[in-house]
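Below is one structure, written out as structure tokens; comments come after it.
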Amino acid sequence: MPAGERTDTREAWTAFWQGPVANLQCIRGAPEVTQALRGHWASFAASLPPETRVLDLGCGAGAAARSLVAARRDLRVTGIDFARIPSPTDPHIHLLSGTAMESLPFADASFGAAVSQFGFEYGRIEETAVQLARVLAPGARLSFLVHHAESSIVASNRARLGALVALQEQKTRAAFLSGNAAAFAAEMASLRRRHPRDTLVAELARILPPRARLGGRERLSAWSAVERALAPEHRILEALDACCVAPESLEDWLEPLGRFCDLGKPAILRKPNGQPISWRIGGALRQPVESSSPALCGRPNFLEEEEIGLPGPLAKLRAGQ
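Encoded structure:
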């Protein structure tokens, strides 16, 4: 990602985490998803040694950290995020803003575990894997929940991205700026038919048509304000769409981690109805090897789930899941 785009994305996430969702899961209106996420972290917390120091990558407002500490008060979680994020109130949690996962400011072998809830995939994976290998202690456990390209989360956000793109299409913009209120109302009606469940589309379809009757300068100012307001969410949704991992891409995507970690077979965290929520990636940092040994490289070395102590049976990956 170019530096300018990365800055825009960081500012977009900063605005998101400073908003009213800061102390909530970033999954809106999906209690069964929230419950599944919390259950996963409770199980992972139970598997860790006493007083483990845990690193949370792309921590946001600390949802995963709070779930871990709620399950095990002896754990100490340090979260990092490249955006500016709210300060936690729990003394067991320490969150660092403006910190890139590709350049971790920690001593070697200083963490006994690493986690991420929809954060790791937004980084530069190869660079982050190298940093993890440095700051994790040998044998340290990791558990990452990663956006699954076929999940309901990704589907709903892709639908929202489609609505934002359609709203800002040239013909919609031109209809508004021309002052043709009827033409603009027709465009918005069409948009509502294509996105009937999108509350933002419904609200803009209500408030914008009367403003199409304003003078030329006022219309331009109103439309520019809409574009500025939508830009942060648009940037976040584009980043999610680019970073989610499809089943056919998973093996190659995991390769950088596999150079340093013994990874369990990837599983899928699911809703009660079987719909995917996320990939569930688990494993452990390899123990040191003699310098005469071959370099750690190549495809992930998948272990059976029981070998690394992950709770519960692995879901079988089927074609198209």
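Per the working numbering: the sequence shown = residues 1 to 321. Just so it is clear, CB atoms sit at the ideal spot from N, CA and C, and this is done for glycine as well.
| query | result |
| --- | --- |
| Cβ separation of I236 and A12, assumed to be a contact under 8 Å, to the nearest whole Å | 5 Å |
| Cβ neighbour criterion (16 or more within 10 Å) applied to N23 | The predicted position of N23 is uncertain, since its pLDDT is 48 and thus under 50; a value taken from the coordinates is nonetheless stated next. Under this definition N23 is an exposed residue. |
| Residue of T14, S87, Q117 and P105 minimising C-alpha distance to A36 | Q117 |
| Residue from R66, P209, L200 and V201 with nearest C-alpha to G179 | P209 |
| Cβ pair G119, G58 closer than 8 Å | yes |
| V54 versus D74 - alpha carbon distance | 11 Å |
| Sub-8 Å separation of E227 and Q168 beta-carbons | yes |
| Of the listed residues D252, S110, S87 and A284, nearest to E51 (C-alpha basis) | S110 |
| Identity of the residue in A149, P196 and R213 nearest F176 by Cα | R213 |
| Residue range of the unbroken beta strand (DSSP E) whose run includes I281 | P276 to L285 |
| DSSP bridge partner residues for E168 (one or two, in chain order) | This sequence places Gln at residue 168; Glu is not what is there. BP columns for Q168 are empty, so no partner. |
| Touching by the beta-carbon criterion (3+ pairs, under 8 Å), the region 271-287 and the region 253-261 | yes |
| Classification of V165 by the beta-carbon crowding that lies within 10 angstroms, buried from 16 upward | exposed |
| T34, enclosing alpha helix (DSSP H) - first and last residue | P31 to A46 |
| Whole-angstrom distance between R217 and K271, CA atom to CA atom | 49 Å |
| Rounded distance between the beta-carbons of W17 and I93, thought under 8 Å | Actually they do not touch by this definition, with Cβ atoms about 15 Å apart. |
| Distance, P256 Cα to A324 Cα | Since the displayed the chain opens at 1 and closes at 321, residue 324 lies outside it and no answer follows. |
| Proximity to G60 [Cα-Cα], best of R160, V115 and W223 | V115 |
| Sequence-distant residues of its chain with Cβ nearer than 8 Å to Q275 (five each side left out) | S151 and S152 |
| Buried versus exposed call for T9 [16 or more other C-beta atoms within 10 Å across all chains shown] | buried |
| C-beta atoms of L230 and H40 nearer than 8 Å | no |
| Alpha carbon of A202 to alpha carbon of A45, nearest angstrom | 42 Å |
| Rounded C-alpha distance that separates A174 from T78 | 49 Å |
| DSSP-derived helix/strand/coil call for P138 | strand |
| Element boundaries [alpha helix (DSSP H), containing V69] | A63 to A71 |
| Boundaries (first-last residue) of the beta strand (DSSP E) holding C261 | C261 to G264 |
| Touch test, the region 123-143 against the region 95-106, Cβ-Cβ under 8 Å, three pairs minimum | yes |
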